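Going by the numbering used here, the sequence shown opens with residue 131, and the numbers climb by one from there.
Built from N, CA and C at the ideal position, the CB exists for glycine as well.
Computed from a predicted structure; not experimentally measured.
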Amino acid sequence: MPARFPFCAVAGADDMALALTLAAIAPDLGGVLVRGEKGTAKSTMVRALADVLPPIEVVSGDRFSSDPRDPSSPDGPFGPDPATEERPVRLVELPVGATDDRVLGSLHLHTALAEGRAEFEPGLLAKAHRGILYVDEVNLLHDHLVDLLLDAAAMGRATVERDGMSVEYAARFVLVGTMNPEEGELRPQLLDRFGLTVDVAAPRDPELRAEIVRRRLAFDADPEGFAARYADDEQELRERITTAQKLLLEVELTDAVLTRIAEICAAFDVDGMRADIVTAKAAAAHAAWQGRTAIDRDDIAVAARLALPHRRRRNPFDAPGIDEQELEDLLGDDEPDDPQGPDDDTDPDGGGGGAPDPGQPDDGPGEDAAAPPPPNGAGDEQAPAPTSQVRAGEAQRTKTFRVAGVGRGQAGRRSRAITDTGRRIGASPAADGGAVDLGATIRAAIPHQGVRGRTAGPLRLAGDDLRVAVKEGRESNLVLLCVDASGSMAARKRMAQVKTAVVSLLLDAYQRRDKVALVTFRGDRGELVLPPTGSVDVAKARLDDVPAGGRTPLAEGLTQAADVIRRERLRDPRRRPLLVVVTDGRATHGSDAIARARRVAQHLAASDVHALVVDCETGRFTLGLARELAGHLGADYVPLGEVTADGLTSAISAHLPEKAA
Numbered sequence: 131m132p133a134r135f136p137f138c139a140v141a142g143a144d145d146m147a148l149a150l151t152l153a154a155i156a157p158d159l160g161g162v163l164v165r166g167e168k169g170t171a172k173s174t175m176v177r178a179l180a181d182v183l184p185p186i187e188v189v190s191g192d193r194f195s196s197d198p199r200d201p202s203s204p205d206g207p208f209g210p211d212p213a214t215e216e217r218p219v220r221l222v223e224l225p226v227g228a229t230d231d232r233v234l235g236s237l238h239l240h241t242a243l244a245e246g247r248a249e250f251e252p253g254l255l256a257k258a259h260r261g262i263l264y265v266d267e268v269n270l271l272h273d274h275l276v277d278l279l280l281d282a283a284a285m286g287r288a289t290v291e292r293d294g295m296s297v298e299y300a301a302r303f304v305l306v307g308t309m310n311p312e313e314g315e316l317r318p319q320l321l322d323r324f325g326l327t328v329d330v331a332a333p334r335d336p337e338l339r340a341e342i343v344r345r346r347l348a349f350d351a352d353p354e355g356f357a358a359r360y361a362d363d364e365q366e367l368r369e370r371i372t373t374a375q376k377l378l379l380e381v382e383l384t385d386a387v388l389t390r391i392a393e394i395c396a397a398f399d400v401d402g403m404r405a406d407i408v409t410a411k412a413a414a415a416h417a418a419w420q421g422r423t424a425i426d427r428d429d430i431a432v433a434a435r436l437a438l439p440h441r442r443r444r445n446p447f448d449a450p451g452i453d454e455q456e457l458e459d460l461l462g463d464d465e466p467d468d469p470q471g472p473d474d475d476t477d478p479d480g481g482g483g484g485a486p487d488p489g490q491p492d493d494g495p496g497e498d499a500a501a502p503p504p505p506n507g508a509g510d511e512q513a514p515a516p517t518s519q520v521r522a523g524e525a526q527r528t529k530t531f532r533v534a535g536v537g538r539g540q541a542g543r544r545s546r547a548i549t550d551t552g553r554r555i556g557a558s559p560a561a562d563g564g565a566v567d568l569g570a571t572i573r574a575a576i577p578h579q580g581v582r583g584r585t586a587g588p589l590r591l592a593g594d595d596l597r598v599a600v601k602e603g604r605e606s607n608l609v610l611l612c613v614d615a616s617g618s619m620a621a622r623k624r625m626a627q628v629k630t631a632v633v634s635l636l637l638d639a640y641q642r643r644d645k646v647a648l649v650t651f652r653g654d655r656g657e658l659v660l661p662p663t664g665s666v667d668v669a670k671a672r673l674d675d676v677p678a679g680g681r682t683p684l685a686e687g688l689t690q691a692a693d694v695i696r697r698e699r700l701r702d703p704r705r706r707p708l709l710v711v712v713t714d715g716r717a718t719h720g721s722d723a724i725a726r727a728r729r730v731a732q733h734l735a736a737s738d739v740h741a742l743v744v745d746c747e748t749g750r751f752t753l754g755l756a757r758e759l760a761g762h763l764g765a766d767y768v769p770l771g772e773v774t775a776d777g778l779t780s781a782i783s784a785h786l787p788e789k790a791a
């Protein structure tokens, strides 16, 4: 196998390397979550970690990596003095598309069908026991796999009850996940299970970037030689981790240290008690890493910076991070556990650092309102109207809305669908793939045994016998908002309310694993200001920057929405869209503006897009143009005098189309 990048060559003393090292010293910390932009060597460093970890001793022939000192394994019993062997720590990768059978383990099909006996085949959790379980793009992990990881992380064991088998085995591992926040957020329950978290970004120093490129090119040219250059450094690091693991047993968590940690966690208002426990364990691991048995101020500071930032988030719009100046003030200058003064052997360079607090976006009021809207109709071109920029208010809780019918989209929490997870409702031939339904497969084969000449021995199967389970669950959808941002919308007040509604939908979509996109139209064009995404952080930032004012290019806005839906259908044909058009129906840009808008609306209706029109026209005299637009779209029509967050989201909930999927 080609040599990997040596861990010491890219780690240095940065936060990610320190967090991974502490998790290796104290596996019960709960693992590490690494957040960062693409191309920052997150996966490279995680994979390299396994190369510098000390080997482990296991029972010979045991498939569950049992510790000889505690040989509880489904492959046992092993007797009082089992044979042992030493092997490297495993790095087991969990694919985001894995099935629960692959993760937990299941009945060995070949043994069951060919030999007629039941044998358990271990899954990925069993292979990762006493090693590293690595999940790349952990934020994209399906919910049913998240549930399995949560159970294993909480209990340290995995239990399998299926196919007439009952198996329980140890599953204690260092969980390491990497993710790009732009691709969606992590489920809060799993986020809290990670003991430590770090944010990484590519360096901006040209000399450092050039050095990274040089090392990469050197590795590509001679992988074995490159790794050999750092072999001594890796061995030194391996020995230091081994020493720290042994020293950790002697590190004392005094009452003064625990009290100081509790004060810090309370001051930062973190949820629950897990933060206190993880911070204490991380401080002890850092002290052992520095070769000490006494915990000092720097140990607590490092632990707090790594263990607290992700536990301060109350909702997806809260920025991660902690106020480091506040942490310094809380720590003070005194040593919490050593009344005789600081330890002279403390390494001043041993501390890590947390992610800097990027702070919250400025949600203050926008500029003055836009000028009054131009008259309806194409008319002569006028000078561009002034624009304003307003920000969304606080997200509000929305009612649940669902697309009618039964779809086949990606598993989520929104609309009814045939998915890979959920309630089993039957079985079907395995033409389209899926999880094998063993019972249904055997039942399909039994009537044909006489024809196939079987009188005794193993069951004789044919390809046509194979059946897969059909399950009904929930799918995620694409909610596409097409919002009129022109001057005719009384821009400042109306757009603030519309943006608040969109933020509320984003929060609800995050919780239900939907994608949300936003198209606005103003001036002379429609613009995709928010491509389909599940990342609420990116969505909120983009939304705040949307300006309002100018003419009303309704046809261009609908055309842009149609293009978004077309592209998403090519990318994921199974994800059903819901188009929500928020407008007063006026079209004031270009010649024959209203007629062009009607033609585009009719095209959308012909492409079977579920749609809803929210009429924002106000005043004593109304033109009814939004109602006409709804007719051309084949959409439900919702008259709404004021577009409030409650009004818009309630309208979506109450007026979904009843078309079959």
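Residues in its own chain within less than 7 Å of residue i by CB, not counting five upstream and five downstream?
| i | result |
| --- | --- |
| S173 | D266 and T308 |
| L688 | C612, A727, V730, A731 and L734 |
| L461 | R427, I430 and A431 |
According to the neighbour-count rule (16 or more other Cβ atoms, all chains shown, within 10 Å of its Cβ), is residue i buried or exposed?
| i | result |
| --- | --- |
| D362 | exposed |
| D401 | exposed |
| E458 | exposed |
| M175 | buried |
| S203 | buried |
| P207 | exposed |
| R642 | buried |
| D230 | buried |
| L271 | buried |
| D475 | At D475, the pLDDT of 44 sits below 50, so the modelled position is not reliable; the number obtained from the coordinates is stated separately. Exposed. |
| T630 | buried |
Does the distance from the C-beta atom of residue i to that of residue j stay below 7 Å?
| i | j | result |
| --- | --- | --- |
| A756 | V743 | yes |
| R302 | G286 | yes |
| A678 | A615 | yes |
| A639 | P662 | no |
| V676 | V659 | yes |
| L254 | M295 | no |
| V343 | R317 | no |
| L179 | A412 | no |
| L224 | L263 | yes |
| V381 | A418 | yes |
| T571 | R597 | yes |
Taking 6 Å as the limit between beta carbons, can you name the residues of its chain near residue i, skipping five residues before and five after?
| i | result |
| --- | --- |
| A760 | V743 and Y767 |
| A801 | Limits of the chain in this structure are 131 at one end and 791 at the other, which puts residue 801 out of reach. |
| R193 | D205 and P252 |
| A149 | V162, L326, V328 and L436 |
| R582 | R590 |
To the nearest angstrom, report how far apart residue i and residue j are at their CA atoms.
| i | j | result |
| --- | --- | --- |
| G355 | M403 | 48 Å |
| A147 | D426 | 21 Å |
| V330 | L684 | 42 Å |
| A557 | R699 | 28 Å |
| R247 | L589 | 12 Å |
| H274 | P353 | 39 Å |
| G161 | G587 | 49 Å |
| V189 | T214 | 4 Å |
| E366 | D350 | 25 Å |
| E364 | L709 | 55 Å |
| V226 | D644 | 17 Å |
| A434 | T409 | 6 Å |
| R345 | R697 | 39 Å |
| T423 | I371 | 15 Å |
| L377 | S634 | 50 Å |
| D406 | D674 | 36 Å |
| D453 | A392 | 17 Å |
| E369 | Y360 | 14 Å |
So who's on the other strand from residue i, going by DSSP bridges?
| i | result |
| --- | --- |
| P559 | R597 |
| D745 | T713 and P769 |
| L263 | V222 and L305 |
| R652 | R655 |
| P295 | Reading the sequence as shown, one finds Met at residue 295 and not Pro. R292. |
| L708 | V609 and H740 |
| R287 | A300 |
Could you confirm whether any beta carbon from chain D is found closer than 7 Å to the beta carbon of residue i?
| i | result |
| --- | --- |
| R705 | Absence of chain D from the displayed structure is noted, only one protein chain being present. |
Leaving out the 5 sequence neighbours to the left and right, which residues in its chain are closer than 8 Å to residue i when beta-carbon positions are compared?
| i | result |
| --- | --- |
| P210 | none |
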